[in-house]
Structure formats: C-alpha cells, structure tokens
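Student: Numbering follows the numbering used here, in which position 109 of the sequence shown is assigned residue number 250; successive positions increment by one, without gaps.
Please see the structure below; I have some questions.
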Amino acid sequence: MSHGRGTSCASASSASPASPGSRAGAGTVIVWDEGTYRNETTGRDGSEVPMAEALRHGHASFWMDGSKLRGGYSLTRMREGRDEASVLVKRKDRHAAAHGSPDPARARSARTGRTLRQVRAESAAESG
Numbered sequence: 142m143s144h145g146r147g148t149s150c151a152s153a154s155s156a157s158p159a160s161p162g163s164r165a166g167a168g169t170v171i172v173w174d175e176g177t178y179r180n181e182t183t184g185r186d187g188s189e190v191p192m193a194e195a196l197r198h199g200h201a202s203f204w205m206d207g208s209k210l211r212g213g214y215s216l217t218r219m220r221e222g223r224d225e226a227s228v229l230v231k232r233k234d235r236h237a238a239a240h241g242s243p244d245p246a247r248a249r250s251a252r253t254g255r256t257l258r259q260v261r262a263e264s265a266a267e268s269g
C-alpha cells in the first residue's frame, strides 16, 4: 500500500496571485489542510493501482489522515479537456459527518489560522 504526505489548498480565483510568478488567475491560496494519505485504489483483480495511474485514468480512492480531513474519499473526474472537473466524495465511515461541508468563507489555513479574506487583505496592504 502506498502512502504519501501532502497539503490541500483552497483558493479564491477573484483575488490577485499571492506570489510573483504564480499562474495567472490562481488567486489567493491558503494551505487548508495537511497530513498524510494512503492509496486505496484497486483494480478489478483486487491489486493496488498506483496513485499516479489512478489519477490519469480519472478515479482514485484514498484514506486521509489530515488535521481536518479524515477517513475514506474517492476522487472521480467528471469532465475532461479545457473545462475539466472532478468530484470528491466522502465515503461513509466513522469519520463521516451528518452536517455536510464547512462554509468555505470561514475556511482557515492549517498553518496560520488565517482566512482567505485575511490573506487577501494583508497582501493588498503590502502591495500598497
């Protein structure tokens, strides 16, 4: 079983890029969560499918052990091409909540505790 460490970012595309040289339209970004994940993607024969291959094929299942996200998740590509879109689904397990998703406007950085709005305001004040 493969394991990894990573971060999850949240962004607001209407804001200006937070760092020079970042992609146009990337907007302000915070590290929303960080932790480890475990690949749980399997083929029809039950053998593990490497994460990179699973993502290339449009479906990956994994277990998250983050500071905010915990438990089983599946990521499935719904649309390819210029307007590519994917959906992240929380699997029903002991970490599943009955109340749904948190309010994105109140999302705070896992590293600094600041919201996107606070980071945007500080960036604008620094830019002058």
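A virtual CB, placed ideally from N, CA and C, is assigned to each residue, including glycine.
If I measure Cβ to Cβ from residue 196 and keep anything under 8 Å in the same chain, skipping five residues before and after, which residues do I get?
Tutor: Cβ neighbours of residue 196 beyond the five flanking positions: 216.
Student: Could you give the C-beta distance for residue 213 and residue 181, rounded to a whole number, given that I count them as a contact under 8 Å?
Tutor: Right, the Cβ-Cβ distance comes to about 7 Å (below 8 Å), so this counts as a contact.
Student: Short of 8 Å in beta carbon distance, which residues of its chain neighbour residue 200, apart from the five on each side in sequence? Order them along the chain.
Tutor: Closer than 8 Å at the Cβ level, and outside the excluded window around residue 200, lie 182, 215, 216, 217, 218.
Student: Just checking: is the beta-carbon of residue 187 within a distance shorter than 9 Å of some beta-carbon in chain C?
Tutor: Among the chains in the structure shown there is no chain C, since it carries only a single protein chain.
Student: Kindly indicate the opening and closing residues of the alpha helix (DSSP H) around residue 216.
Tutor: Not the alpha helix (DSSP H): residue 216 falls in the beta strand (DSSP E), residues 211-220.
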